[in-house]
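Take a look at the structure below.
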């Protein structure tokens, strides 16, 4: 009567940034009511003798390119909305725009355009100095464009669901940059389609930027010392129970209006999915409590277009000698299908200097996808193209990152410079270039282009780095999903050889072995997984199933009890516990658990069938 | 009529002459030019208030992000040297009210006296241009250092993870030892005081 159901969980480890949707952009935060955009301020053409005035020449630039952030409640330290505001920072503004430090915009101007580019023209820049030289005149109020009218509070109106971090984080007054993660536990009670998300960082002056990661298996909760307290760390590894190629960038930086996904591109949120807010904060000079809020906006239109995130990376090549000024890291990948490139997210830490992403098309021509000649971690962002960039099958996408580990790099966290390798801490380095693409079918009869792309990508990673644990793991998980169990076991075994103590890999290898009937080996790996992570629900559940396969029902009961303790709302665990109890003749308790399974999921077929059998057995007793 | 004009010219010449005589006296006896207002509105001369001590003026602004981010460093330095020297926060923005300054100092944990330098007389005597910028006067009221606190910031928006040189510490230690600091002047990074004129 026991038929342990449930496919075995397998995991896709890694993705330091999974899903998300970005405003990606410099964000123009004007209300609809008074768009100050439209005419970009040009030179005061006709009359070179005319003095530069605030109302006519300076205000249009400030309203269009500065005020998004420089208004009350936003991230900037002071407002720039009035003549007095601008006058009291005039020389500072002239200096920062001359150096192109403001408005902050990292990519060099190129053939491909990004949404909401924040880049002043040379003429606009020189106007600030001319204004100062001409005596900072206010000018004629008739010339003053309409002052932008910023929406207070939620930029897209009241969200469908508002989440607040359980406990505030106490940001110290001084010290290094700070990286903190807040977990928003299982915010939805059924499948919802997310079309937009707004992150309200509390005091926006403190949070430089933030990413939201979708954690479908609650895989980072164990990192909290106390539930709801959050945890430190710059980079995250999120596990996924299945391939999750429908990925979005959920990135926030100050001054941005949330990006609303078009119909058909919503992000699926499941019951039990956690959202993890990964923040980069800078101490302000005083101690602060940071308790961010997230607003979720849903749609009834489920996803029908599934973008994917491709990650070019070469962290293994990051071994930067102390003092090296031009350390280069590259990676490239040839696309097995046509794709539309939607957005790009370059990522390095403090040693990054020059970041380049480019494509070599099948005809040999090259296209710069993004070039950041002076990387600054503080202004990192997701950049969305104004129109999708079609890259045909056979195109090679590549990254070339240059690092400066000398004293000349003022952002260098080590004095004197030290050898730096890849890692998750701020003083380690990274070499990542994320591409958000939509894989395209060449014809209707084509197989799923997403799978073709994923497999090619997984094989690329293994080939690039035979000692890369994640690469083997992810390829294994993909092969398992396709039913190629023997190949999957070979790849999982390689992953376990590389990381013998990895709980997830041992659990997955056990799962694949169990699926081929090798319950003895499977049990050994599940036990290893539990030794490493005693509160690992999946491993308890799977070990229970493996023990049933060897007719060790008492052992199985123990494992299912542990699983139910960890996830009291898991219908499968309750059903299997009931089944195992039934096998040992403990009918009354078996009935309780089978009924509980049906209470959680009234459509649980196994629980219903077993309960029917149990009812026939019980009166006979 | 002509004579009248001549007479007027003469008067001007006399005035100019008297000014020429007054100016050296004015700068020689500096006390009248070194006052600012404390938060109750009383005139204070910070160089005279603690005769015989090293005096450090720290020029800040409530809305200057760089001077705000320096608050913990400034407090560390105050804690280290306050027994032997006297520190003042100086606010050169005349638009900043005593209430706003009190609130700001409370939020950032400052416990030292604050002055409003609405006439920029302390700015001039300290030869500072930026917030945050500091001026160190030795026990005989001589300006021995003015400039940055340390080299944490290299430019707007570009800071090292930590400072590697500490000019204010060095200047205070020299002044306390009765010596001249080896570095007398540096350029500070922050908000221009001239934007407040």
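Residue numbers (the numbering used here), protein chains in the order written: chain A, 1 to 621; chain B, 1001 to 1197. Using N, Cα and C, we set each Cβ at its ideal position, and we do this for glycine too.
What residue does the beta strand (DSSP E) around residue i start on, and which one ends it?
i, result
"residue 478 (chain A)", "Careful: residue 478 (chain A) lies outside any beta strand (DSSP E), inside the alpha helix (DSSP H) at 469-481."
"residue 265 (chain A)", "Premise fails: residue 265 (chain A) is in no beta strand (DSSP E) and is neither H nor E."
"residue 101 (chain A)", "Note, residue 101 (chain A): premise wrong, no beta strand (DSSP E); not H, not E."
"residue 1082 (chain B)", "Segment: none, residue 1082 (chain B) is in no beta strand (DSSP E) and carries neither H nor E."
"residue 560 (chain A)", "From DSSP, residue 560 (chain A) is part of no beta strand (DSSP E) but of the alpha helix (DSSP H) over 553-566."
"residue 1153 (chain B)", "1153-1155"
"residue 1070 (chain B)", "No beta strand (DSSP E) contains residue 1070 (chain B), which DSSP labels as neither H nor E."
"residue 1146 (chain B)", "1143-1147"
For the ligand ATP, is there a heavy atom less than 8 Å away from the beta-carbon of residue i?
i, result
"residue 217 (chain A)", "For the structure depicted, the ligand ATP is absent and the ligand set is empty, with no information on it obtainable."
Should residue i go down as buried or exposed, given a rule of 16 or more other Cβ atoms within 10 Å for buried?
i, result
"residue 618 (chain A)", "exposed"
"residue 1188 (chain B)", "buried"
"residue 288 (chain A)", "buried"
"residue 633 (chain A)", "With chain A covering 1 to 621 only, the question about residue 633 (chain A) has no answer from this structure."
"residue 390 (chain A)", "exposed"
"residue 170 (chain A)", "exposed"
"residue 1116 (chain B)", "buried"
"residue 230 (chain A)", "buried"
"residue 421 (chain A)", "exposed"
"residue 219 (chain A)", "buried"
"residue 1127 (chain B)", "exposed"
"residue 109 (chain A)", "exposed"
"residue 1022 (chain B)", "Below a pLDDT of 50, predicted positions are generally treated as unreliable, and residue 1022 (chain B), at 35, falls in that range; the measurement from the model is reported next regardless. Residue 1022 (chain B) comes out exposed."
Kindly indicate if chain B contains any beta-carbon less than 9 Å away from that of residue i.
i, result
"residue 28 (chain A)", "Note that residue 28 (chain A) has pLDDT 32, beneath the 50 cutoff, so the model's placement of it is unreliable and no number is given."
"residue 78 (chain A)", "yes"
"residue 92 (chain A)", "yes"
"residue 96 (chain A)", "yes"
"residue 57 (chain A)", "no"
"residue 602 (chain A)", "no"
"residue 630 (chain A)", "Absent from the model: residue 630 (chain A). The displayed extent of chain A is 1 to 621, so no value can be given."
"residue 415 (chain A)", "yes"
"residue 101 (chain A)", "yes"
So residue i and residue j are in contact, right, with Cβ under 8 Å, and what is the actual spacing, rounded?
i, j, result
"residue 560 (chain A)", "residue 582 (chain A)", "Not quite, the Cβ-Cβ distance comes to about 12 Å (not below 8 Å), so this is no contact."
"residue 492 (chain A)", "residue 512 (chain A)", "6 Å"
"residue 106 (chain A)", "residue 372 (chain A)", "5 Å"
"residue 1036 (chain B)", "residue 1089 (chain B)", "So it is not a contact: roughly 11 Å between Cβ atoms."
"residue 587 (chain A)", "residue 614 (chain A)", "6 Å"
"residue 1059 (chain B)", "residue 1131 (chain B)", "5 Å"
"residue 375 (chain A)", "residue 348 (chain A)", "6 Å"
"residue 357 (chain A)", "residue 342 (chain A)", "The pair is not a contact, with the Cβ atoms about 14 Å apart (cut-off 8 Å)."
"residue 1066 (chain B)", "residue 1087 (chain B)", "Not confirmed; about 19 Å, so no contact."
Comparing the C-beta of residue i with each C-beta of chain A, is any distance below 9 Å?
i, result
"residue 1054 (chain B)", "no"
"residue 1071 (chain B)", "yes"
"residue 1159 (chain B)", "yes"
"residue 1092 (chain B)", "no"
"residue 1026 (chain B)", "With a pLDDT of 33 at residue 1026 (chain B), under the threshold of 50, the modelled position of that residue is not reliable, and no figure is offered here."
"residue 1133 (chain B)", "no"
"residue 1081 (chain B)", "no"
"residue 1107 (chain B)", "yes"
"residue 1095 (chain B)", "yes"
"residue 1117 (chain B)", "no"
"residue 1186 (chain B)", "no"
"residue 1100 (chain B)", "no"
"residue 1030 (chain B)", "With a pLDDT of 41 at residue 1030 (chain B), under the threshold of 50, the predicted position of this residue should be treated as unreliable, and no value is reported."
List the endpoints of the continuous alpha helix (DSSP H) containing residue i.
i, result
"residue 452 (chain A)", "449-464"
"residue 532 (chain A)", "519-532"
"residue 124 (chain A)", "122-133"
"residue 59 (chain A)", "59-65"
"residue 537 (chain A)", "537-549"
"residue 491 (chain A)", "485-498"
"residue 503 (chain A)", "503-515"
"residue 1175 (chain B)", "1167-1176"
Hey, does residue i have any beta-carbon neighbour from chain E nearer than 9 Å?
i, result
"residue 1154 (chain B)", "The structure shown contains no chain E; the protein chains it does contain are A and B."
Stretch-stretch touch, CB-based, cutoff 8 Å, three pairs: the region 1169-1188 of chain B with the region 1132-1148 of chain B: Here the region 1169-1188 of chain B makes contact with the region 1132-1148 of chain B; the two share three or more CB pairs at distances below 8 Å.
The region 258-272 of chain A / the region 141-153 of chain A touching (three or more Cβ pairs under 8 Å): Cβ pair count under 8 Å is below three, so no.
The region 306-316 of chain A in contact with the region 184-202 of chain A per 3-pair CB rule at 8 Å: The region 306-316 of chain A vs the region 184-202 of chain A: no contact.
Touch test, the region 412-422 of chain A against the region 162-172 of chain A, Cβ-Cβ under 8 Å, three pairs minimum: For the pair of segments examined, the region 412-422 of chain A was found not to touch the region 162-172 of chain A: the number of CB pairs separated by less than 8 Å stays below three.
At least three beta-carbon pairs within less than 8 Å, the region 57-66 of chain A to the region 1161-1168 of chain B: Short answer: they don't touch.
The region 132-145 of chain A touching the region 387-404 of chain A, judged by at least three CB pairs closer than 8 Å: Touching, no, given that fewer than three Cβ pairs across the two stretches are closer than 8 Å.
Three or more C-beta pairs below 8 Å linking the region 1069-1076 of chain B and the region 1148-1156 of chain B: In the pairwise beta carbon analysis, the region 1069-1076 of chain B is classified as touching the region 1148-1156 of chain B: at least three pairs are separated by under 8 Å.
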